[in-house]
Amino acid sequence: PIKVSAQPQQKAAIPVAKKEEKPVNPRIKYGVMALVGILFLWLASVTPSAFLSHFTVFVLSCVVGYYVVWNVSHALHTPLMAVTNAISGIIIVGALLQIAHNHFFVSILAFIAILIASINIFGGFKVTQRMLAMFRKG
Numbered sequence: 010p011i012k013v014s015a016q017p018q019q020k021a022a023i024p025v026a027k028k029e030e031k032p033v034n035p036r037i038k039y040g041v042m043a044l045v046g047i048l049f050l051w052l053a054s055v056t057p058s059a060f061l062s063h064f065t066v067f068v069l070s071c072v073v074g075y076y077v078v079w080n081v082s083h084a085l086h087t088p089l090m091a092v093t094n095a096i097s098g099i100i101i102v103g104a105l106l107q108i109a110h111n112h113f114f115v116s117i118l119a120f121i122a123i124l125i126a127s128i129n130i131f132g133g134f135k136v137t138q139r140m141l142a143m144f145r146k147g
């Protein structure tokens with residue numbers, strides 16, 4: 010005779026109450042946008058044109074990067090982390106070239122860049138190590 014075990018009962022899923030987000034006050038939203046616009050116009054009037062073009066590329070890359078990172082599927086997360094580790098390595102090379110600069114502010118920025126990029130690289134290696142450990146036998 011064949012014995013068939015009883016099918017385990019499935020537990021009912023407990024619905025999680027979603028927290029309702031409060032909409033941002035339009036006065037605050039448009040006030041911040043106006044302040045950012047005024048600061049950008051002031052920055053454009055006091056800096057050289059070369060800095061302004063680099064700053065524009067920086068701001069656009071921040072916006073594009075934000076949407077790329079937050080809209081990536083879970084399957085592509087690990088390759089994305091590998092790319093960010095490579096970019097952080099490039100940042101460290103550039104910062105190492107600038108850390109011995111005569112200007113104090115440039116040296117401080119280079120030190121901060123090395124610190125933050127190092128944290129990203131070491132954290133990425135730690136996450137990768139933990140992920141690979143899940144696939145090991147024994």
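Taking this note's numbering, the leading residue of the sequence shown gets 10, the next gets one more, and so forth. We put the CB at the ideal spot given by N, CA and C, even for glycine.
Once you ignore the five residues that flank residue i on each side, which residues in its own chain have a CB closer than 8 Å to its CB?
i      : result
LEU52  : LEU61 and PHE64
PHE120 : ALA104 and ILE108
Between the beta-carbon of residue i and the beta-carbon of residue j, is there less than 8 Å?
i      : j      : result
ALA122 : ALA104 : yes
THR93  : ASN34  : no
GLN89  : VAL81  : Checking the displayed sequence, the identity of residue 89 turns out to be Leu instead of Gln. Contact: yes.
Comparing C-alpha positions only, which one of the options sits nearest to residue i?
i      : options                         : result
VAL68  : VAL45, VAL102 and ASN80         : VAL45
SER127 : GLY98, ILE23 and SER58          : GLY98
ALA95  : PHE134, ASN111, ALA84 and SER82 : PHE134
Sorted by chain position, which residues of the same chain lie with C-beta nearer than 7 Å to residue i's C-beta, five sequence neighbours on each side aside?
i      : result
VAL115 : GLN107
Since I believe residue j is in contact with residue i (beta carbons under 8 Å), could you give me their beta-carbon distance rounded to a whole number of angstroms?
i      : j     : result
MET140 : THR87 : 7 Å
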